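Peer 1: In the numbering used here, the protein residues as written are 1020 to 1457. By construction, the Cβ of each residue, glycine as well, lies at the ideal position given by its N, Cα and C atoms. Source: prediction; values computed, not measured.
As structure tokens, this is what we get:
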């Protein structure tokens, strides 16, 4: 399995780790290769694959790296001649155009990959070939006709899955020391800019006992003490979050961790107190806007008052609010952007980030305004860029791309050039340093 150009912890291949773990548990041999991670150049990836001699290669792609994934697909087919399948958010959102634009690709696997990849491996072991008609979630072309199978049912019991086999990553390369884990899948939010197309909206959690057991496993195996929980919303079930914290506290695990939540799930002060006691140091919050009108329009399902209260509670109990905002939401105007900039400063977060909206395939925004880009010949280069020169102009707002970019820069400068904000950042840095020394 191959993931193209990972450059941040949000891209860490937990999904591939789960698939590899399932394959290994079922008696198959699997490996994960990620160019650029641990400074592994593509030339070495090819050497490792030549040694591995794959029967099937699975590629994972997002919009940001899709053009590179297209190039690699052809190279894999040329070098190894084996079946090549592709999964991930981008091909899941656009399976037909992905296949039509990639002659070397045998199939797209839409949605979660564990069950389809197990079915592929079992079929290949039995017959020495692949019949995609029998693979759930497979989209493929046969004799010039496009076929798309119904997806596999999402894994209901996540505890039934083995731990992600990240020891298979890049030939067993050294670990990062601060681990990335997933304790749940799905987000109940209905935000129109979110491309949660692979995992879906239904919240499906690991049990608290499994979560803490995995943390202990990583502590014992790798000496890990820092954990980034990559859930879309760790606090979607407050009772579960309480129980996870209770277990960490009762076991006296000396760890530091952060997670993401929604402001409407973090208004329980007793949970915030417990998060702090269990070692949580930072909570990531997608605030998105300082305009209640825009907040309602994008389907956030929260209020600005909730955001203020949540950030205030976090600060009061020594947790760092890490807030993010989007410039260029549907219906955005110069006035609403100014409201967002002002609101970001009002929240007094340790860190706030500002991004220009990207209409990713699979989002409601893409379906409403950019569907004509769903073509085999679309060049996705620069689609995810935060800089001017994107291959499209905004359609969800009357403001130009250049205007949105300039306002995004203005938001960054306004926020980080504030003396009070500089002090908060320094305080947060000292907090992390003190944690690392304990």
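Here's a check: name, in chain order, each residue in its chain whose Cβ is nearer than 6 Å to the Cβ of residue 1314, leaving out the five neighbours to either side.
Peer 2: Sequence index remark: in the chain shown, residue 1314 carries index 295 (1-based). Here the set comprises 1308.
Peer 1: Quick one: grab the DSSP three-state call for residue 1363.
Peer 2: Here residue 1363 refers to the residue found at position 344 of the chain shown. The answer is helix: DSSP assigns residue 1363 an H, G or I state.
Peer 1: Kindly list the residues whose CB is nearer than 8 Å to the CB of residue 1112, restricted to its own chain and excluding five residues on each side of it in sequence; keep chain order.
Peer 2: Numbered from 1 along the chain shown, position 93 holds the residue referred to as residue 1112. Result list for residue 1112: 1214, 1216, 1379, 1380, 1381, 1385, in chain order.
Peer 1: Pick from 1289, 1279, 1316: whose alpha carbon is nearest that of residue 1301?
Peer 2: One-based indexing of the chain shown puts residue 1301 at position 282. Taking only the C-alpha atoms, the option nearest residue 1301 is 1279.
Peer 1: Quick check: what's the CA-CA separation for residue 1207 versus residue 1285?
Peer 2: Stepping through the chain shown from its first residue, residue 1207 is reached at position 188. Stepping through the chain shown from its first residue, residue 1285 is reached at position 266. If you take the alpha carbons of residue 1207 and residue 1285, they lie about 15 Å apart.
Peer 1: Residue 1442: buried (16+ other C-beta within 10 angstroms of its C-beta) or exposed?
Peer 2: Here residue 1442 is taken as the residue at index 423 of the chain shown, counted from 1. Result: exposed.
Peer 1: Whole angstroms are fine: how far does the CA of residue 1061 sit from the CA of residue 1150?
Peer 2: Looking up residue 1150 in the chain shown gives position 131. Looking up residue 1061 in the chain shown gives position 42. Each residue's Cα considered, the two are about 30 Å apart.
Peer 1: Report all residues from its chain with a CB closer than 6 Å to the CB of residue 1305; omit the five preceding and five following residues, and keep chain order.
Peer 2: Looking up residue 1305 in the chain shown gives position 286. Around residue 1305: 1343.
Peer 1: Quick test of your reading: residue 965 and residue 1155, contact by CB under 8 Å. State the CB separation rounded to the nearest angstrom.
Peer 2: Lying outside 1020 to 1457, the shown extent of the chain, residue 965 is not represented and no answer is given.
Peer 1: Can you give the beta carbon distance from residue 1125 to residue 1103, rounded, assuming they're within the 8 Å contact cut?
Peer 2: Taking the chain shown and counting its residues from 1, the one referred to as residue 1125 is at position 106. Taking the chain shown and counting its residues from 1, the one referred to as residue 1103 is at position 84. That pair is a contact at about 5 Å.
Peer 1: By DSSP, does residue 1277 sit in helix, in strand, or in coil?
Peer 2: Numbered from 1 along the chain shown, position 258 holds the residue referred to as residue 1277. Correct three-state label for residue 1277: strand.
Peer 1: Can you give the beta carbon distance from residue 1261 to residue 1293, rounded, assuming they're within the 8 Å contact cut?
Peer 2: Counting from 1 along the chain shown, the entry for residue 1261 is found at position 242. Counting from 1 along the chain shown, the entry for residue 1293 is found at position 274. Indeed, because the Cβ distance is near 6 Å, the residues count as touching under 8 Å.
Peer 1: Taking just the CA atoms, how far does residue 1251 sit from residue 1046?
Peer 2: Counting from one through the chain shown, the residue named residue 1046 turns up at place 27. Counting from one through the chain shown, the residue named residue 1251 turns up at place 232. Their backbone Cα atoms lie some 31 Å apart in a straight line.
Peer 1: Taking Cβ to Cβ, would you say residue 1099 is nearer than 9 Å to residue 1189?
Peer 2: Taking the chain shown and counting its residues from 1, one reaches residue 1099 at position 80. Taking the chain shown and counting its residues from 1, one reaches residue 1189 at position 170. No. Outside cutoff.
Peer 1: Taking the alpha-carbon positions, what's the residue 1097 to residue 1121 distance?
Peer 2: Working through the chain shown from its first residue, we reach residue 1097 at position 78. Working through the chain shown from its first residue, we reach residue 1121 at position 102. Whole-angstrom Cα-Cα distance: 13 Å.
Peer 1: Can you tell me where the alpha helix (DSSP H) with residue 1303 in it begins and where it stops?
Peer 2: Sequence index remark: in the chain shown, residue 1303 carries index 284 (1-based). From DSSP, residue 1303 is part of no alpha helix (DSSP H) but of the beta strand (DSSP E) over 1299-1307.
Peer 1: At which residues does the beta strand (DSSP E) containing residue 1340 begin and terminate?
Peer 2: For this step, residue 1340 is matched to residue 321 along the chain shown. Counting along the chain, the beta strand (DSSP E) containing residue 1340 begins and ends at 1339-1346.
Peer 1: Return the CA-CA distance between residue 1050 and residue 1090, expressed in angstroms with no decimal places.
Peer 2: Counting from one through the chain shown, the residue named residue 1050 turns up at place 31. Counting from one through the chain shown, the residue named residue 1090 turns up at place 71. So the alpha carbons of these two residues sit roughly 21 Å apart.
Peer 1: For residue 1159, does the count of other Cβ atoms within 10 angstroms reach 16, so buried, or fall short, so exposed?
Peer 2: For this step, residue 1159 is matched to residue 140 along the chain shown. It is buried - the Cβ of residue 1159 has at least 16 other Cβ atoms within 10 Å.
Peer 1: Does DSSP put residue 1095 in a helix, a strand or coil?
Peer 2: Residue numbering aside, residue 1095 sits at position 76 when the chain shown is read from its first letter. Helix.
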